[in-house]
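Below is one structure; the comments refer to it alone.
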Amino acid sequence: MFEARLVSSGTLKKVLDAIKDLLNEASFDCSDTGIQLQAMDSSHVSLVSLSLRADGFDKYRCDRNLTMGMNLASMTKILKCANNDDTVTVKAQDDADCVTFVFESKKQEKISDYEMKLMNLDQEHLGIPETDFSCVIHMPSGEFSRICRDLSQFGESVIISCTKEGVRFSSSGDIGSANIKLAQTNNIDKEEETVSIDLQEPVTLTFACQYLNSFTKATPLSNRVSLSMSANVPLVVEYEIPDLGHIRYYLAPKIEE
Amino acid sequence: PTNQPTLMNFFKKK
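Which chain is which? The protein sequence lines are R and Z, in order. My numbering numbers the first residue of the first sequence as 1 and each following residue consecutively. My numbering numbers the first residue of the second sequence as 1001 and each following residue consecutively.
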């Protein structure tokens, strides 16, 4: 028996919004420690790694490890049937071929359940080594989203260049070029607005805008984001999901031909 | 001109 309950359906909707741009379907691996998902987009350029801890749920039970392959468009249809403040419970029997979503309104006067068929997905898991990154940038997630959106008007790629002075995002194309520089801030009063840089050595890498913009669909999950970079390794963009877990995106850098 | 490699250029399959 698997059962996981969240007081707010809105949280699960945000998690789904954060992955469905990149993935059409995904396997949710459930164990007694929580729910994990690791999947690459169809072009194998980016990877989503989601972790939801058991203790972040209001109720969590997983008697046997279970992998639930879900079509994310179908899951989206079902979650549209929930109000954001409805409680959601995800349930499945051991070895089940379907999963049930139960939505309960605040006052319990409306209870609905939706059953969805599960899929057998061939998943390719990648072994991701622990890396000591040359630089880690912590910044407001809304600012990162804005920068990706603004720069993608100019070109298909963004160059991210991090030094001890700050971080520079730049893009260029047919209409011209754009540069955005962020300096490290020391505003302790408004910690969530700070930009901080842990730098071992300066790094400059180039990334496709399209994927960065998809990653920023996680912005509603967290007001902070971190960007971890080293020369010639994939970028890691991480959003902490408060009290529940995290979502990490990996993106292969572009290289000079 | 830049080239877009896949993640398999960096990570091994499990």
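Every residue, glycine too, gets a C-beta built ideally from N, C-alpha and C. Remember, predicted model here, so these are calculated numbers, not experimental data.
Nearest-angstrom beta carbon gap, residue j and residue i [assumed within contact, 8 Å]
i             : j             : result
residue 88/R  : residue 9/R   : 4 Å
residue 220/R : residue 91/R  : With 8 Å as the limit, residue 220/R and residue 91/R do not qualify as a contact, their Cβ atoms being about 26 Å apart.
residue 98/R  : residue 118/R : 6 Å
residue 185/R : residue 194/R : 5 Å
residue 226/R : residue 137/R : 7 Å
residue 230/R : residue 131/R : 6 Å
residue 251/R : residue 56/R  : Going by Cβ atoms, the distance from residue 251/R to residue 56/R rounds to 26 Å, so no, they are not a contact pair.
residue 3/R   : residue 61/R  : 5 Å
residue 23/R  : residue 72/R  : 6 Å
Identity of the residue in the options nearest residue i by Cα
i             : options                       : result
residue 113/R : 52/R, 79/R, 236/R and 106/R   : 79/R
residue 101/R : 226/R, 5/R and 125/R          : 5/R
residue 107/R : 161/R, 215/R, 65/R and 7/R    : 7/R
residue 238/R : 23/R, 47/R and 116/R          : 47/R
residue 190/R : 139/R, 17/R, 66/R and 56/R    : 139/R
residue 212/R : 164/R, 229/R and 152/R        : 152/R
residue 77/R  : 229/R, 252/R and 12/R         : 12/R
residue 133/R : 203/R, 16/R and 166/R         : 203/R
residue 242/R : 43/R, 52/R, 44/R and 111/R    : 52/R
residue 40/R  : 128/R, 63/R and 31/R          : 128/R
residue 178/R : 148/R, 142/R and 192/R        : 148/R
residue 165/R : 142/R, 154/R, 181/R and 143/R : 181/R
residue 143/R : 192/R, 236/R and 210/R        : 192/R
Residue i vs residue j beta-carbon contact at 9 Å
i              : j              : result
residue 248/R  : residue 50/R   : yes
residue 200/R  : residue 135/R  : yes
residue 255/R  : residue 232/R  : yes
residue 217/R  : residue 59/R   : no
residue 157/R  : residue 145/R  : no
residue 54/R   : residue 34/R   : yes
residue 67/R   : residue 32/R   : no
residue 1014/Z : residue 25/R   : no
residue 1007/Z : residue 246/R  : no
residue 214/R  : residue 240/R  : no
residue 16/R   : residue 75/R   : yes
residue 253/R  : residue 1011/Z : no
residue 208/R  : residue 1004/Z : yes
residue 115/R  : residue 1002/Z : no
Classification of residue i by the beta-carbon crowding that lies within 10 angstroms, buried from 16 upward
i             : result
residue 1/R   : exposed
residue 183/R : exposed
residue 104/R : buried
residue 81/R  : exposed
residue 18/R  : buried
residue 176/R : exposed
residue 86/R  : buried
residue 141/R : buried
residue 228/R : buried
The ligand GTP heavy atom lying under 8 Å from the CB of residue i
i             : result
residue 225/R : Inclusion of the ligand GTP in the displayed structure is not the case, the ligand content being empty and no account of it being possible.
Select from the segment 110-137 of chain R all residues with a C-beta closer than 9 Å to any C-beta belonging to chain Z, and list them in chain order. So the list reads 124, 125, 126, 127, 128 and 129, given in the order they occur along the chain.
Give the residues from the segment 240-253 of chain R that approach chain Z closer than 9 Å (Cβ to any Cβ), ordered along the chain. Taking 9 Å as the Cβ-Cβ cut-off against chain Z, the residues of the segment 240-253 of chain R that qualify are 250, 251, 252 and 253.
Give the residues from the segment 37-53 of chain R that approach chain Z closer than 8 Å (Cβ to any Cβ), ordered along the chain. Identification of residues in the segment 37-53 of chain R having a C-beta nearer than 8 Å to some C-beta of chain Z yields 40, 43, 44, 45, 46 and 47, given in sequence order.
Residues of the segment 56-68 of chain R in Cβ contact with chain Z at a cutoff of 9 Å, in chain order, please. Legend: CB atoms of the segment 56-68 of chain R lying less than 9 Å from CB atoms of chain Z are not found in any residue.
Compile a chain-ordered list of the residues in the segment 193-214 of chain R whose CB is closer than 8 Å to at least one CB of chain Z. Only those residues of the segment 193-214 of chain R whose C-beta falls short of 8 Å from the nearest C-beta of chain Z are listed: 206 and 208.
Contact residues within the segment 168-188 of chain R, judged by C-beta distance below 8 Å to chain Z: The segment 168-188 of chain R vs chain Z, Cβ under 8 Å: nothing.
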